[in-house]
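Asker: Structure below; questions to follow.
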Amino acid sequence: MTKLTLGTHPFLLGFEQLERLVERTAKASGDGYPPYNIEQTSDRSYRITLAVAGFAEADLSITVEDSQLVVRGRQSDAAEERVFLHRGIAARQFQRSFVLADGVEVSGAVMENGLLHIDLSRQPADSVVQTIRIKRSGK
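So the sequence shown is numbered by full-length UniProt numbering: it starts at 1 and just counts up by one.
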């Protein structure tokens with residue numbers, strides 16, 4: 001029995017990139033640090049919240065690279081001069097990636113009580129109707 005993929009199904013033309021997107025998303029899932037929530041705040045908006053306790057705004061960067069939202073965190077090395085008797089708070093660097101659909105844009109980011117909120121909005125798709133003219137063959 002032959003397995004049909006999105007790229008080979010006769011009714012799904014041009015969706016080959018969707019398979020690559022799913023593979024890329026599976027690889028980007030990472031180790032679970034930092035923990036995050038994704039919530040739908042309205043019909044066309046979303047909010048990603050990452051728990052980044054101990055990180056300052058200057059320690060974080062948010063970029064959109066090839067339809068992928070990438071959040072990176074790297075704390076300064078000021079802790080090297082401190083002596084810890086117990087260190088239970090994670091202070092490691094991280095990179096968390098989220099694949100964005102076409103039309104989804106980052107509308108803002110805010111840091112509040114150790115949580116980084118990234119707001120996303122989906123632009124309404126333009127409804128396009130196109131009429132294709134049929135030409136006569138040269139015969």
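Where is the CB? At the ideal position from N, CA and C, for every residue including glycine. Computed from a predicted structure; not experimentally measured.
Since residue 46 contacts residue 120 with CB under 8 Å, what's their CB separation in whole angstroms?
Answerer: The Cβ separation is near 4 Å, so the contact holds.
Asker: Find the nearest neighbour of residue 42 within the set 129, 138, 124 and 128, judged by alpha-carbon distance.
Answerer: Comparing Cα-Cα distances from residue 42 to each of 129, 138, 124 and 128, the minimum goes to 124.
Asker: Identify, in the order they occur along the chain, each residue of the same chain with its Cβ nearer than 7 Å to the Cβ of residue 55, setting aside the five sequence neighbours on each side.
Answerer: Once the five neighbours on either side are set aside, the close Cβ partners of residue 55 are 73 and 75.
Asker: Note down the Cα distance separating residue 127 from residue 53, rounded to an integer number of angstroms.
Answerer: Near 43 Å, if we compare the C-alpha coordinates of residue 53 and residue 127.
Asker: If residue 116 sits next to residue 60, beta carbons under 8 Å apart, how far is it from one beta carbon to the other, in whole angstroms?
Answerer: At roughly 6 Å, the Cβ-Cβ gap stays under 8 Å, so residue 116 and residue 60 are in contact.
Asker: Would residue 122 and residue 101 qualify as a contact pair, given that the criterion is a beta-carbon distance under 9 Å?
Answerer: Contact flag set, yes.
Asker: Assign residue 13 to buried or exposed, taking buried as 16 or more other Cβ atoms, counted over all protein chains shown, within 10 Å of its Cβ.
Answerer: It counts as exposed.
Asker: So residue 58 and residue 114 are supposed to be a Cβ contact under 8 Å. How far apart are they, rounded?
Answerer: Between residue 114 and residue 58 the Cβ distance is about 15 Å, and since that is not below 8 Å, they are no contact.
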